[in-house]
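Residue numbers (my numbering): 159 to 285.
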């Protein structure tokens with residue numbers, strides 16, 4: 159990106175773009191699927207969003223950083239919490255999402271489905 163990285167707008171949006179796993183770039187390099195952001199009427203930067211499957215990997219890595227250990231080392235309750243967070247973020251709408259999450263948690267697909275069913279059953283009891 160040719161714009162200064164210390165521009166207030168870039169500074170403001172960078173944490174969000176990083177959290178999504180996106181990439182900042184010069185607007186002249188933007189492709190049709192990129193998002194061009196403007197500041198005071200001028201195109202300032204473009205954001206290349208990750209593919210959904212890349213987003214899931216990014217979310218899993220962020221959760222691992224938050225917990226400070228590999229997700230597979232978490233206790234059962236913490237793994238259930240991770241599955242709840244991932245479901246809320248749409249992780250299981252991604253092709254092979256359950257398999258990817260199961261691998262990261264060190265559990266079977268069946269266990270992930272059990273965690274999902276448990277969460278959905280508790281939501282049903284609250285209504």
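Glycine included, C-beta positions come from ideal geometry on N, C-alpha and C.
Limits of the beta strand (DSSP E) - the one that residue i falls within
| i | result |
| --- | --- |
| residue 209 | Segment: none, residue 209 is in no beta strand (DSSP E) and carries neither H nor E. |
| residue 182 | 181 to 183 |
6 Å CB neighbourhood of residue i in its chain, flanking five on each side removed
| i | result |
| --- | --- |
| residue 242 | 277 |
| residue 237 | 263 |
Residues near residue i in its chain [Cβ-Cβ closer than 7 Å; skip 5 each side]
| i | result |
| --- | --- |
| residue 222 | 228 and 229 |
| residue 272 | none |
| residue 258 | 214 |
| residue 180 | 205, 206, 207 and 208 |
| residue 247 | 217 |
Three-state secondary structure (DSSP) of residue i
| i | result |
| --- | --- |
| residue 198 | coil |
| residue 193 | strand |
Supposed contact pair residue j and residue i - C-beta distance, whole angstroms, cut 8 Å
| i | j | result |
| --- | --- | --- |
| residue 255 | residue 218 | That pair is no contact at about 10 Å. |
Residue interval of the alpha helix (DSSP H) (run including residue i)
| i | result |
| --- | --- |
| residue 170 | 166 to 178 |
| residue 238 | 234 to 246 |
| residue 249 | Premise fails: residue 249 is in no alpha helix (DSSP H) and is neither H nor E. |
| residue 229 | Neither: residue 229 is in no alpha helix (DSSP H) and is coded neither H nor E. |
| residue 256 | 255 to 263 |
Close-in-space but distant-in-sequence residues of the same chain around residue i (CB under 8 Å, 5 per side omitted)
| i | result |
| --- | --- |
| residue 274 | 241, 245 and 250 |
| residue 178 | 207, 208, 213 and 216 |
| residue 196 | 202 |
*Any chance the region 165 to 177 sits against the region 195 to 215, with 3 or more Cβ pairs inside 8 Å?*
yes
*Inspect the CB distances between the region 228 to 242 and the region 259 to 267 and report whether three or more fall short of 8 Å.*
yes
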